[in-house]
Amino acid sequence: MKKDLVIAITGSHGFVGSALVARFRAQGHTVIPLPREIGLLPGCDVLIHLAGESPAGYWTARKRRAIYTSRVLGTRRLVARLRDAVSLPKVFLCASAVGVYGHRPGEPLDEASAPGRGFRADTCLDWEAEARKAEALGVRTVRLRFGTILDPSGGYLGRMLPLLKHGLCFVLGDPEDRFAWISLEDAVRMIEFAMTHETVSGALNVVAPVPATQGAFARAAAALAGRRVLGQLRAGFLRASLGELAAAIVDVQDVAPAKALQEGFGHVHPTLQFWSSSLDRPEMDPVLEKAS
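Right under this line is the structure:
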């Protein structure tokens, strides 16, 4: 794929989108931010679809509808626009999430694993089904199954930091429960990798090779905020208190980036130590040791 690409992006002002725009423009590519309501698609080499309702906030019935429709119907409308585009892109990269696997304690997961159950899994399946319609047009399509993207500048960790700095530092669920994550830098690099490597298509787990545990994440996040972990909020309590939103926080998932590793992608940040060395010093958190 040529170096001076024309790249069209929905969700270009979001957490991941803004990082992509900065990276691509620094490399000399032409980036076209796309609005949510798209008329005629411009000619482009690459189409990246990241737009969707933010998952932040309590998942009321209205919030769940907004999450679902923004992803599923938004992708349907975008793919429909491809038929009338000035020219078809060489590759279409569409966001999805590891929520497609559901709550799977004790089960190793990769791109070949069966989907799970529940609102998140159903949303991701329908979302991906709309993205796959681009394949019928001859467009190489990659479904980016994002884990929790971690960076102090924003996203899940960025939203938590104000609470952590006020001392509200807890393990969310069991300290040994695993969840899929990736650093923002590696997420951006893997998107670029999928964009430029023509052998990559279909589902792609955008996750780190070493899953985080809730205990390790709590220690590292608390250390980042200059605090200590106070204790544990059990998964049952969080599910009862937060409803569907809790699934995005405490569902257990041991997800591997099998396809990316097979294709030769190398992570810069394979472990949570990319922002904190506190994982080497568990003695910092005696309360957490008791909770374990």
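Residue numbers (this note's numbering): 46 to 337. Don't be surprised by glycine CBs; every beta carbon is placed ideally from N, CA and C.
Would you mind reading off the limits of the beta strand (DSSP E) that contains residue i?
i	result
Val216	215-217
Leu86	Per DSSP, Leu86 belongs to no beta strand (DSSP E) and is neither H nor E.
Phe191	185-191
Val76	75-79
Leu182	Note, Leu182: premise wrong, no beta strand (DSSP E); not H, not E.
Which of the three DSSP states, helix, strand or coil, is assigned to residue i?
i	result
Ala285	helix
Ser99	coil
Arg109	helix
Gly62	helix
Asp349	This structure cannot speak to residue 349, because the chain is shown only from 46 to 337.
Asp49	coil
Glu334	Low per-residue confidence applies at Glu334: pLDDT is 36, beneath 50, and the placement is therefore not dependable, though the value from the model is reported in the following sentence. In this structure, Glu334 counts as helix in the three-state DSSP scheme.
Val274	coil
Pro254	coil
Ala292	helix
Arg126	helix
Thr55	strand
Ala225	coil
Ser323	With a pLDDT of 37 at Ser323, under the threshold of 50, the modelled position of that residue is not reliable, and the figure given next carries that caveat. Three-state DSSP puts Ser323 in a helix.
Gly161	coil
Gly247	strand
Glu328	Residue placement at Glu328 is poorly supported in this model, since its pLDDT is 35, which falls under 50; the coordinates still yield a value, given next. In the structure shown, Glu328 sits in a helix (DSSP, three-state: H, G or I).
Leu118	helix
Leu133	coil
Leu317	helix
Can you round the beta-carbon distance between residue i and residue j to whole angstroms, since I take them to be within the 8 Å contact cut?
i	j	result
Ala176	Thr168	Ala176 to Thr168, Cβ: 13 Å. No contact.
Val274	Cys214	5 Å
Glu308	Thr244	6 Å
Ser57	Val66	5 Å
Val295	Leu217	6 Å
Arg272	Gly212	6 Å
Could you work out which residue in the options is closest to residue i when comparing CA atoms only?
i	options	result
Gly151	Ala292, Arg107, Val297	Val297
Phe224	Ala142, His94, Leu249	Ala142
Glu221	Ala261, Ala239, Leu209	Ala261
Leu154	Gln318, Gly183, Pro254	Pro254
Thr193	Ala181, Ala267, Pro100	Pro100
Val124	Ala159, Gly183, Tyr146	Gly183
Ala305	Ala285, Val216, Ala265, Phe191	Phe191
Pro78	Thr105, Gln72, Ser63	Ser63
Ala157	Leu283, Gln72, Ala301	Ala301
Gly144	Lys135, Leu138, Ala159	Ala159
Ala140	Glu237, Ala96, Phe310, Leu85	Ala96
Val251	Pro315, Val136, Trp172, Arg126	Pro315
Gly102	Ala293, Val76, Gly247	Ala293
Leu127	Leu85, Phe310, Leu269	Leu85
Ser246	Leu138, Gly271, Gly311	Leu138
Asp231	Ala303, Gln277, Gly311	Gly311
Determine the extent of the alpha helix (DSSP H) in which residue i is found, giving its start and end residues.
i	result
Gly260	259-269
Trp172	164-177
Ala232	229-241
Leu138	Where Leu138 is concerned, there is no enclosing alpha helix (DSSP H), although the beta strand (DSSP E) it sits in stretches over 136-142.
Gly203	200-210
Using a C-beta cutoff of 8 Å, does residue i count as contacting chain B?
i	result
Gln307	Protein chains in the displayed structure number just one, and chain B is not present.
Examine the ligand GDP and report whether any of its heavy atoms sits within less than 7 Å of the Cβ of residue i.
i	result
Glu152	The ligand GDP is absent from the structure shown, which contains no ligands of any kind.
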